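Student:
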Amino acid sequence: MPEESGRIDPRFGSALRQLRIDRGLSQQDLCRVIPCSAGWLSRVEAGTGVPTPDFVRRCDEALRADGALVTLARQAGVGQQSRRRPGRPAAHRPAQLPQTVSATFVGRDGELTELDALLDERPNEMVTVIIDGLAGVGKTSLALRWARRIADRFPDGAVFRDLRGFDPTGHPADPEEVLEGLLVDLGVAASTVPPTAERRAALFRSVLDGRRVLLVLDNAATSEQVLPLLPGTPGCAVIVTSRRRLSGLAVRTDGHRVTLGPLDRVESVALLRQLIGPRAEAEPRAAAALADQCGHLPLALRIAGHRAASRPRLDLSELVDELVGEEQRLEALTTLDDVTVRAAFSWSYRDLDQRAARMFRLLGLYPGESISTGAAGALAGVPVGQARSTLDGLTNVNMLEEVARDRFRFHDLLRDYAAEQATAEEGPDEREQAIRRLVDWYVHTSHLASLLVAPQRPTNLELMPAAAGVAPVPLDSTEAALAWYDAELANLTPITRLATDHGLFVQGWQLPVTLWNYLQLRCPWAVWEATHRIGQEAARACGDRLGEAWVNTNLGYGLHARGEHDQSEACYQAALAIRQEIGDVHGQAWTLNGWGFTALDRGDAGRAEGLFEQALPLFEAVGDQHGRGIALAALGDACRAQHRDGDALRRLTEALRAFEDMGDDHGQGFTLVKFGELYRGAGNLEQALEHFTRSLVCRRRATDRPGEADSLERRGNVLAERGHPLAAARSWDEAVAIYEELGDPRAAELRERVARLRTGVSAGRGFDASSREIS
């Protein structure tokens with residue numbers, strides 16, 4: 020496979036050709052072993068094709084060159100050609116391919132050869148591959164096997180997404196939400212992701228322009244789900260898996276379809292031999308019969324193989340007889356294609372101990388992408404240690420897979436089966452109690468995490484008492500709280516939906532409200548809106564006016580941050596009316612404050628000032644000093660926007676004094692930045708620099724990384740304006756490092772400003788020796 024451009028020393032191709040001839044192989048012979056297309060091999064031997072290091076390694080192994088070809092290729096410059104557009108800045112390089120491809124992978128040689136040839140023949144095109152087939156046939160295994168095989172051809176990274184096309188809850192992944200995650204993974208700050216699917220798709224294509232990225236989109240439901248997620252640039256490749264054929268996607272993208280059928284009998288028996296060992300060799304007929312009963316599906320074969328290996332004293336023929344008997348009882352299940360697979364599942368399930376079997380079927384109630392050990396413990400009502408042991412046992416018999424540390428998920432067909440067993444074996448009360456424990460675990464853990472993320476902004480919620488057997492995660496730091504939220508982000512919406520669908524309406528609105536502090540920091544728009552829309556539904560269903568007001572207030576903040584000012588004001592208006600009706604003074608203050616921020620961003624500083632003025636005495640009446648300080652600082656900003664610098668200075672001074680009295684570093688950093696901009700606008704750069712520097716100190720104490728970068732950038736702006744370019748560059752360098760850490764696109768723009776500044780200094784323009792003394 021060639022790089023984007025370039026040639027290498029032709030001696031490598033000549034040596035490869037001579038070694039192939041010396042081994043008595045034709046080009047076709049070598050192509051079958053490597054594998055690759057004959058046309059590509061011919062170009063490499065002629066010196067017109069630039070191979071990848073992986074291609075060279077495979078040739079070296081196939082021709083038994085003992086590393087000679089690898090050494091020659093390195094000397095010839097393989098792997099050293101530029102893979103990135105000249106002048107393009109470094110970007111996030113995701114490496115997300117899961118470590119789930121089994122070492123016992125067998126077969127699919129024809130499909131792998133076909134796919135290699137496709138990529139070889141279309142090196143400068145956007146390639147789409149669609150792998151379809153029935154559940155359990157090994158679509159994901161093949162996709163990941165090939166993805167790892169070709170990953171070195173995509174130097175800008177590899178992305179993996181489970182699209183949940185056949186999720187038992189009936190809620191496939193929303194392309195809009197998937198696009199948000201992809202953009203963040205590729206370096207776009209969450210706070211700058213556009214609000215609509217169309218704009219996100221356009222930005223996604225722009226971000227990928229000129230980059231070579233491999234995307235694996237697993238378990239797609241429809242062509243329409245996939246189309247917005249496709250790059251528009253040559254050099255990228257997309258691998259899609261689905262139970263459906265997705266013919267529309269193939270037609271619209273000129274995609275290459277691979278319909279995956281079951282393994283043949285030889286391959287199935289070979290897989291069983293790897294799983295079972297010598298017994299399969301000793302009983303070839305029984306091994307073949309066992310493969311037949313598993314439908315030659317890799318997933319079923321693995322389950323059956325592990326089941327057989329766990330009972331070494333039984334003949335394989337006896338195990339086959341058991342499976343045949345089980346098949347008769349499952350005859351009525353869904354389609355004929357699924358019968359033997361379900362028999363294998365039932366056979367393995369029946370052999371679980373009581374504890375593992377109960378955990379397995381209760382996991383079928385879980386609506387999220389992957390489940391943590393703590394959540395599984397709550398679902399089953401058991402201690403975390405016991406849950407971990409049980410999950411490990413299920414993983415060991417291939418009925419569950421661990422996708423990250425302490426996170427587990429089902430294969431989709433096993434998940435269907437687990438849900439069926441939950442319905443069949445757990446009574447309605449038991450199922451509802453399990454769901455209640457799970458939802459309570461999320462609500463109480465999120466409430467604790469929220470207090471750690473922003474202790475100065477407590478929600479003051481009166482939570483429903485947690486059900487017996489629920490032990491929230493014992494989080495003990497801001498970092499741990501943020502890590503928990505980040506890991507659970509994809510599950511927050513389905514859990515909120517689960518609570519509401521099962522009549523847990525109070526938890527259905529309280530969970531979104533507990534997310535507020537996290538959502539304001541990370542700004543995952545799709546989750547923010549989805550959870551709060553469900554929260555509105557839940558609060559109305561139980562007639563909880565306070566809950567409805569809180570959800571509307573929080574949703575107003577989110578819509579404001581997203582730039583949807585009309586909807587934001589509508590939420591604030593509804594929330595304020597309810598809070599006034601029920602006499603919720605504290606809530607009125609926060610609602611008015613949020614409404615004021617929206618008005619200020621709309622350019623209506625006078626109206627904003629009036630709203631902040633209404634909020635201020637309400638905060639004072641309930642003794643919320645943090646809220647009072649925010650309102651005062653906001654008033655100062657509104658006055659500054661109206662060119663009333665004296666009033667602005669008075670309000671900001673009062674706000675800063677309040678935050679200093681509380682020891683509130685977040686509030687001090689917030690207010691000092693507004694001081695800095697006030698002085699900068701007035702031309703007092705010395706005072707501006709002092710206040711930006713003080714804000715930096717406060718934000719560092721508060722471990723506010725986005726705020727720290729913001730203060731560093733503003734500080735650099737003033738240093739540059741004062742004629743201290745070297746000091747400005749140092750401040751901007753620190754800001755760039757944090758922006759890159761956060762995936763904020765401002766990093767690229769600021770890096771260019773630093774480069775221009777340093778170029779000017781080198782040329783002697785604007786250089787002030789005193790800048791060396793500024794730090």
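Using our numbering, read the sequence shown as starting at 20 and increasing by one per residue.
Note that beta-carbon positions come from the ideal geometry of N, C-alpha and C, so glycine has one too.
Quick caveat, the model's predicted, so the values are computed rather than measured.
Going by C-alpha to C-alpha distance, which of Val232, Arg168, Arg112 and Thr123 sits closest to Val146?
Tutor: Walking along the sequence shown from the start, residue 146 turns up at place 127. Cα-wise, what sits closest to Val146 is Val232.
Student: Should Ile649 be labelled buried (16 or more other beta-carbon atoms within 10 Å of its own) or exposed?
Tutor: Walking along the sequence shown from the start, residue 649 turns up at place 630. That one is buried.
Student: What are the uninterrupted segments assigned as alpha helix (DSSP H) that are 4 or more residues long and contained completely in the region 253-333, given in chain order?
Tutor: 266-272, 284-295, 297-301, 303-312 and 317-328, all fully within the region 253-333.
Student: Are Glu64 and Gly32 closer than 8 angstroms when you measure CB to CB?
Tutor: Stepping through the sequence shown from its first residue, residue 64 is reached at position 45. Stepping through the sequence shown from its first residue, residue 32 is reached at position 13. It is a contact, given that the beta carbons lie within the stated cut-off.
Student: Tell me whether the beta-carbon of Val422 lies closer than 8 angstroms to the beta-carbon of Arg456.
Tutor: As a first step, residue 422 must be located in the sequence shown, where it is residue number 403. As a first step, residue 456 must be located in the sequence shown, where it is residue number 437. Not closer than 8 angstroms, so no.
Student: Using the three-state DSSP reduction, which class does Phe689 fall into: helix, strand or coil?
Tutor: Here residue 689 is taken as the residue at index 670 of the sequence shown, counted from 1. Phe689 falls in the helix class under three-state DSSP.
Student: Expressed to the nearest angstrom, what Euclidean distance is found between the alpha-carbon atoms of Trp528 and Ala473?
Tutor: Along the sequence shown, read from residue 1 onward, the residue named residue 528 stands at position 509. Along the sequence shown, read from residue 1 onward, the residue named residue 473 stands at position 454. Cα to Cα, the separation comes out at about 20 angstroms.
Student: Do Pro247 and Leu201 have their C-beta atoms closer together than 8 angstroms?
Tutor: The residue labelled residue 247 in the question sits at position 228 within the sequence shown. The residue labelled residue 201 in the question sits at position 182 within the sequence shown. Taking 8 angstroms as the Cβ cut-off, Pro247 and Leu201 do not qualify as a contacting pair.
Student: Which value, in whole angstroms, describes the spacing of the CA atoms of Phe552 and Leu565?
Tutor: Mapped onto the sequence shown, residue 552 falls at position 533. Mapped onto the sequence shown, residue 565 falls at position 546. Here residue 552 turns out to be Arg, not Phe, going by the sequence shown. Cα to Cα, Arg552 sits roughly 15 angstroms from Leu565.
Student: Using a threshold of 8 angstroms, state whether the C-beta atoms of Asp459 and Gln526 are closer than that.
Tutor: By 1-based counting over the sequence shown, the position of residue 459 is 440. By 1-based counting over the sequence shown, the position of residue 526 is 507. A contact, by the Cβ cut-off of 8 angstroms.
Student: Helix, strand or coil for Arg180? Go by DSSP, reduced to three states.
Tutor: Here residue 180 refers to the residue found at position 161 when the sequence shown is read from its first residue. Arg180: strand per DSSP, three-state reduction.
Student: For Val207 versus Leu234, is the C-beta distance shorter than 8 angstroms?
Tutor: For the purposes of this step, residue 207 is taken as the residue at position 188 of the sequence shown. For the purposes of this step, residue 234 is taken as the residue at position 215 of the sequence shown. Against a cut-off of 8 angstroms, the Cβ pair of Leu234 and Val207 comes out as no contact.
Student: Determine the closest residue to Gly152 out of His111, Arg647 and Arg263, with distance taken between C-alpha atoms.
Tutor: Within the sequence shown, numbered from 1, the residue matching residue 152 stands at position 133. The shortest C-alpha separation from Gly152 is found at Arg263.
Student: Whole angstroms are fine: how far does the CA of Pro725 sit from the CA of Ile757?
Tutor: Reading the sequence shown from its first residue, position 738 is the one you call residue 757. Reading the sequence shown from its first residue, position 706 is the one you call residue 725. Between Ile757 and Pro725, the C-alpha separation is close to 8 angstroms.
Student: Please go through the same chain and pick out, in chain order, the residues whose beta-carbon is closer than 6 angstroms to the beta-carbon of Asp723, but skip the five residues on each side of it.
Tutor: Taking the first residue of the sequence shown as 1, we reach residue 723 at position 704. Closer than 6 angstroms at Cβ, skipping near neighbours: no residue.
Student: Could you give the DSSP three-state label for Asn612: helix, strand or coil?
Tutor: Numbered from 1 along the sequence shown, position 593 holds the residue referred to as residue 612. Helix.
Student: Is the region 369-389 close to the region 434-443, with three or more CB pairs under 8 angstroms?
Tutor: Verdict: yes, contact present.
Student: Our contact map puts Val532 next to Gly393 with C-beta atoms below 8 angstroms; I'd like the distance itself, whole angstroms only.
Tutor: Looking up residue 532 in the sequence shown gives position 513. Looking up residue 393 in the sequence shown gives position 374. The pair is not a contact, with the Cβ atoms about 21 angstroms apart (cut-off 8 angstroms).
Student: Could you round the C-beta distance between Arg183 and Glu388 to whole angstroms and report it? I think they count as a contact, below 8 angstroms.
Tutor: Along the sequence shown, read from residue 1 onward, the residue named residue 183 stands at position 164. Along the sequence shown, read from residue 1 onward, the residue named residue 388 stands at position 369. 7 angstroms between Cβ atoms; contact.
Student: Does DSSP put Gln37 in a helix, a strand or coil?
Tutor: Here residue 37 refers to the residue found at position 18 when the sequence shown is read from its first residue. In this structure, Gln37 counts as helix in the three-state DSSP scheme.
Student: For Gly613 and Glu628, I'd like the C-alpha separation in whole angstroms.
Tutor: Taking the sequence shown and counting its residues from 1, one reaches residue 613 at position 594. Taking the sequence shown and counting its residues from 1, one reaches residue 628 at position 609. Distance between the alpha carbons of Gly613 and Glu628 is about 12 angstroms.
Student: Based on the DSSP output, what are the partners of Ser391 in its beta bridges?
Tutor: For this step, residue 391 is matched to residue 372 along the sequence shown. Arg426, per the DSSP bridge assignment.
Student: Count the C-beta pairs between the region 588-595 and the region 614-628 that are closer than 8 angstroms, then say yes if the count reaches three, no if not.
Tutor: Judged by Cβ distances under 8 angstroms, the region 588-595 makes contact with the region 614-628, as three or more pairs qualify.
Student: For Val472, report the span of its beta strand (DSSP E) as first-last.
Tutor: Here the question's residue 472 lines up with position 453 in the sequence shown. Run containing Val472: none in the beta strand (DSSP E); it sits in the alpha helix (DSSP H), Pro447 to Val472.
Student: To the nearest angstrom, how far is the alpha carbon of Pro105 from that of Pro297?
Tutor: In the sequence shown, residue 105 corresponds to position 86, counting from 1. In the sequence shown, residue 297 corresponds to position 278, counting from 1. Bear in mind that the predicted position of Pro105 carries a pLDDT of just 36, short of 50, making it too unreliable to give a figure here.
Student: Starting from Ala667, trace the alpha helix (DSSP H) both ways and give me its first and last residue.
Tutor: For this step, residue 667 is matched to residue 648 along the sequence shown. Element bounds for Ala667: Asp664 to Met681.
Student: Taking DSSP as the reference, what is the three-state secondary structure of Thr572?
Tutor: Working through the sequence shown from its first residue, we reach residue 572 at position 553. If DSSP states are grouped into helix, strand and coil, Thr572 belongs with the helices.
Student: Note down the Cα distance separating Phe524 from Cys561, rounded to an integer number of angstroms.
Tutor: Taking the sequence shown and counting its residues from 1, the one referred to as residue 524 is at position 505. Taking the sequence shown and counting its residues from 1, the one referred to as residue 561 is at position 542. Computed Cα separation, rounded: 6 angstroms.
Student: Nearest to Pro117 by alpha carbon, out of Glu548, Ser469, Val125 and Arg180?
Tutor: The residue given as residue 117 occupies position 98 in the sequence shown. The residue with the shortest Cα to Cα distance from Pro117 is Arg180.
Student: Roughly how many angstroms separate the alpha carbons of Ile53 and Glu445, rounded to a whole number?
Tutor: What you label residue 53 is simply residue 34 of the sequence shown in a count that begins at 1. What you label residue 445 is simply residue 426 of the sequence shown in a count that begins at 1. Cα to Cα, Ile53 sits roughly 52 angstroms from Glu445.
Student: For Leu419, which residues of its own chain have a beta-carbon under 8 angstroms away from its beta-carbon, when the five flanking residues on both sides are left out?
Tutor: If you number the sequence shown from 1, residue 419 lands on position 400. Result list for Leu419: Phe379, Leu382, Leu410, Leu413, Phe427, Arg428, Phe429 and Leu433, in chain order.
Student: Within 10 angstroms of its Cβ, does Gly665 collect 16 or more other Cβ (buried), or is it exposed?
Tutor: Numbered from 1 along the sequence shown, position 646 holds the residue referred to as residue 665. Under this definition Gly665 is an exposed residue.
Student: For Arg77, collect the residues of the same chain with a Cβ closer than 6 angstroms to its Cβ; drop the 5 residues on either side in sequence, then sort them by chain order.
Tutor: Here residue 77 is taken as the residue at index 58 of the sequence shown, counted from 1. Excluding positions up to five away in sequence, the list reads Ile53.
Student: From Pro214 to Leu538, what distance separates their C-alpha atoms?
Tutor: On the sequence shown, residue 214 is found 195 positions in, with the first residue counted as 1. On the sequence shown, residue 538 is found 519 positions in, with the first residue counted as 1. The alpha-carbon atoms of Pro214 and Leu538 are separated by roughly 15 angstroms.
Student: Which whole-angstrom value is the C-beta distance of Ala549 and Thr512, which I expect to be below 8 angstroms?
Tutor: Within the sequence shown, residue 549 is the residue found at index 530, counting from 1. Within the sequence shown, residue 512 is the residue found at index 493, counting from 1. Yes, they are in contact, since the Cβ atoms of Ala549 and Thr512 sit about 4 angstroms apart, within 8 angstroms.
Student: May I have the straight-line CA-CA distance separating Gly176 from Leu134, to the nearest angstrom?
Tutor: As a first step, residue 176 is located in the sequence shown; it is residue number 157 there, counting from the start. As a first step, residue 134 is located in the sequence shown; it is residue number 115 there, counting from the start. Approximately 19 angstroms between the Cα atoms of the pair.
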